[in-house]
Amino acid sequence: MIQHMLQSNSKKYEIDMLNGPILSRMLRFTVPLMCSSILQILFNAADIVVVGRFAGPTALAAVGSNSALINLVTNLFIGLSIGANVVVARYFGAKDDANISESVHTSIMLGIVSGIILTVAGLIGARFFLRLMLSPEDVLPKATIYLRIYFLGMVPMMVYNFGSAILRAVGDTKRPLYYLLFAGVLNVILNLLFVLVFRLEVAGVALATIISQTVSALLIVSCLCKEKGCIKLNFKKLKIEGHKFRQIVKVGLPAGFQGCIFALSNTVIQSSVNSFGSIVMAGNAAASNVEGIVYFAMNAFYQAAISFSSQNAGAGNYKRIKRIVLTAQGCVIVAGAAAGFLLLYFGPSVMRLFSADADVIKAGMVRLSIILSTYFLCGMMDVMVGGLRGIGYSVTPMVVSLIGACGLRLVWISTVFQIPKFHMPATVYLSYPASWLVTFCVHVICFVIFYRRVLRQHEQGASQESAGSK
7 MIQHMLQSNS KKYEIDMLNG PILSRMLRFT VPLMCSSILQ ILFNAADIVV VGRFAGPTAL
67 AAVGSNSALI NLVTNLFIGL SIGANVVVAR YFGAKDDANI SESVHTSIML GIVSGIILTV
127 AGLIGARFFL RLMLSPEDVL PKATIYLRIY FLGMVPMMVY NFGSAILRAV GDTKRPLYYL
187 LFAGVLNVIL NLLFVLVFRL EVAGVALATI ISQTVSALLI VSCLCKEKGC IKLNFKKLKI
247 EGHKFRQIVK VGLPAGFQGC IFALSNTVIQ SSVNSFGSIV MAGNAAASNV EGIVYFAMNA
307 FYQAAISFSS QNAGAGNYKR IKRIVLTAQG CVIVAGAAAG FLLLYFGPSV MRLFSADADV
367 IKAGMVRLSI ILSTYFLCGM MDVMVGGLRG IGYSVTPMVV SLIGACGLRL VWISTVFQIP
427 KFHMPATVYL SYPASWLVTF CVHVICFVIF YRRVLRQHEQ GASQESAGSK
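Per our numbering, the sequence shown starts with residue 7, numbered consecutively.
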């Protein structure tokens, strides 16, 4: 089965993003990606379920409270993989095989280097970072163990992210789904083995995670090595080529900083949640995993907006980009609203998968009731960011997010949340929809301005070229 998945016939996995109807092709792209993302969150949720059911609330809080911190530390480098996606997609749209190959090898090498940096940072700074987040003393020892083991798997995690970004750039979202499914099932089996049989608690969950991440990385590397075309990976060619590195960083570094900005604000929010004790922390951790299903369903359309608009920008099809963004917006609203309200309806039942403690379930439902009913706003915001990056603007959404998301949330926590009658978990959670709405509106304005600019520049370039040929 694995050998079949690794076959090099990549053409059947590619999607023509430059021609024909957009909606059907976008759904072909997003459905496997959506399944991959939901599987990822379900497999991550398996960590929470296993420790919550079999190791107790303290272990649940220790594993769940690390999510915001892990995202904060890793998002900068995962942002670089977005840069890799944009660069490879643009060259693919322009049919520039030589530059595609250089971009692929630079991207994978960047993934390896990024993983090494993250491993060192996580091993050295785990306890320090957790103390900054005000982790309670009863949670701190187990949280530290989990975090240090988790960061040992950063190299495979980064390699998988960069490798899947390369495949997404050419429209292939199916094979990453197959690899994730295989590795995820392995993760669940190892979770149960390490926690129930070997009684390793949080350490066992972390070990299961890094083993499964290593398997998924090996599968995606094997896939790229067996390719016949321009995205074929050759270990002898692995190096960071200067020009491609600068291109990736130009798009990816702002994207990474933006991810860090959101994660930083979420870390501040996590610190505020931590102040209410381990029960609220556990409920918040479980609810966050439930929300992740909706987020990643919407995130597939953000990824589609990036890949589709990047390829069309590379091919000079700028008029098609507007339709791509509008199509992605319609899809993300439907997906976010439908999934959000469906999960909210079944919320208490889903929460019982994570914990049988009634107080934990009650605390989690406070968060779910606020976030899930407004989550489509987050998806709309992300799609606009994808469109901006696709047409070559990555710094602007970073700055807007810094002000509209991080800034607004920090102001909210330092003002509204500090008022005694509003000093409650619900007030913390309300900072999310407020920031999504404000940031989305500003992103729309920015997209309209920059889209008109690049369209005008392209038309002027085309007219000059036509005049010159005469």
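By construction, the Cβ of each residue, glycine as well, lies at the ideal position given by its N, Cα and C atoms. Quick caveat: nothing in here was measured; it's all calculated off a predicted structure.
Backbone secondary structure at residue i - three-state DSSP
i: Lys242; result: helix
i: Leu213; result: helix
i: Tyr156; result: helix
i: Phe35; result: helix
i: Arg462; result: helix
i: Leu12; result: Bear in mind that the predicted position of Leu12 carries a pLDDT of just 42, short of 50, making it unreliable; the figure below should be weighed with that in mind. Reduced to three states, the DSSP call for Leu12 is coil.
i: Ser281; result: coil
i: Asn305; result: helix
i: Lys250; result: helix
i: Ile76; result: helix
i: Met390; result: helix
i: Lys256; result: helix
i: Val145; result: coil
i: Arg205; result: coil
i: Ile5; result: With the chain represented from 7 up to 476, any question about residue 5 goes unanswered, as that position is not in the structure.
i: Pro27; result: coil
i: Tyr438; result: helix
Cβ-based burial, residue i [other Cβ within 10 Å; buried from 16]
i: Val110; result: buried
i: Asp144; result: exposed
i: Pro162; result: buried
i: Ser14; result: Confidence at Ser14 is low in this model, with a pLDDT of 44, below 50, so its placement is unreliable and the value that follows should be read with caution. By the 10 Å Cβ count, Ser14 comes out exposed.
i: Pro431; result: buried
i: Val176; result: buried
i: Ala311; result: buried
i: Phe135; result: buried
i: Val325; result: Here residue 325 is Lys; the residue named in the question, Val, does not match the sequence. Exposed is the call here.
i: Gln219; result: buried
i: Ile377; result: buried
i: Ser420; result: exposed
i: Cys384; result: buried
i: Arg31; result: buried
i: Glu465; result: exposed
i: Val296; result: buried
CB of residue i within 7 Å of CB of residue j, strictly
i: Val460; j: Ile397; result: yes
i: Val338; j: Val389; result: yes
i: Phe98; j: Ile88; result: no
i: Ala68; j: Tyr152; result: yes
i: Phe83; j: Met164; result: yes
i: Ile172; j: Ile237; result: yes
i: Lys180; j: Pro403; result: no
i: Ala214; j: Ile155; result: no
i: Phe307; j: Ala334; result: yes
i: Ser43; j: Phe302; result: yes
i: Gly85; j: Gly248; result: no
i: Leu374; j: Leu394; result: no
i: Ala189; j: Val221; result: yes
i: Ala65; j: Gly320; result: no
i: Ser277; j: Leu129; result: no
i: Phe456; j: Tyr399; result: yes
i: Val211; j: Val444; result: no
i: Ala369; j: Ile299; result: no
i: Ser271; j: Arg415; result: yes
i: Ile28; j: Ile327; result: no
Rounded separation between residue i and residue j - CA only
i: Thr112; j: Met287; result: 40 Å
i: Gln309; j: Phe35; result: 9 Å
i: Tyr435; j: Gly131; result: 28 Å
i: Pro147; j: Asn197; result: 20 Å
i: Leu116; j: Phe157; result: 17 Å
i: Phe360; j: Met371; result: 12 Å
i: Asn240; j: Val119; result: 17 Å
i: Asp22; j: Gly392; result: 19 Å
i: Val257; j: Asp365; result: 44 Å
When the options are compared against residue i, the one with the closest alpha-carbon
i: Val94; options: Phe352, Glu108, Asn81; result: Glu108
i: Asn423; options: Leu414, Thr433, Arg415; result: The sequence given here has Phe at residue 423, not Asn. Checked all of Leu414, Thr433, Arg415; the closest Cα to Phe423 is Thr433.
i: Asn193; options: His429, Val255, Ile216; result: Ile216
i: Val417; options: Val405, Ile172, Ser441, Arg395; result: Ser441
i: Phe200; options: Val92, Phe60, Phe282; result: Phe60
i: Asn167; options: Gly235, Tyr381, Arg358, Ala90; result: Ala90
i: Phe352; options: Val340, Ser379, Asp363, Asp365; result: Ser379
i: Leu259; options: Gly169, Asn81, Val211, Leu45; result: Asn81
i: Ala292; options: Gln46, Gly346, Gly70; result: Gly70
i: Val340; options: Lys328, Arg358, Phe382; result: Phe382
i: Arg252; options: Arg358, Val92, Val406; result: Val92
i: Leu206; options: Ser30, Gly26, Gly62; result: Gly62
i: Asn480; options: Lys328, Gly467, Leu414, Asn280; result: Nothing can be reported for residue 480: it is not among the residues displayed for the chain, which extend from 7 to 476.
i: Thr150; options: Arg174, Leu187, Val331, Ile76; result: Ile76
i: Gln264; options: Gly283, Val405, Ile28, Ile330; result: Val405
i: Ile114; options: Asn323, Pro426, Lys245; result: Lys245
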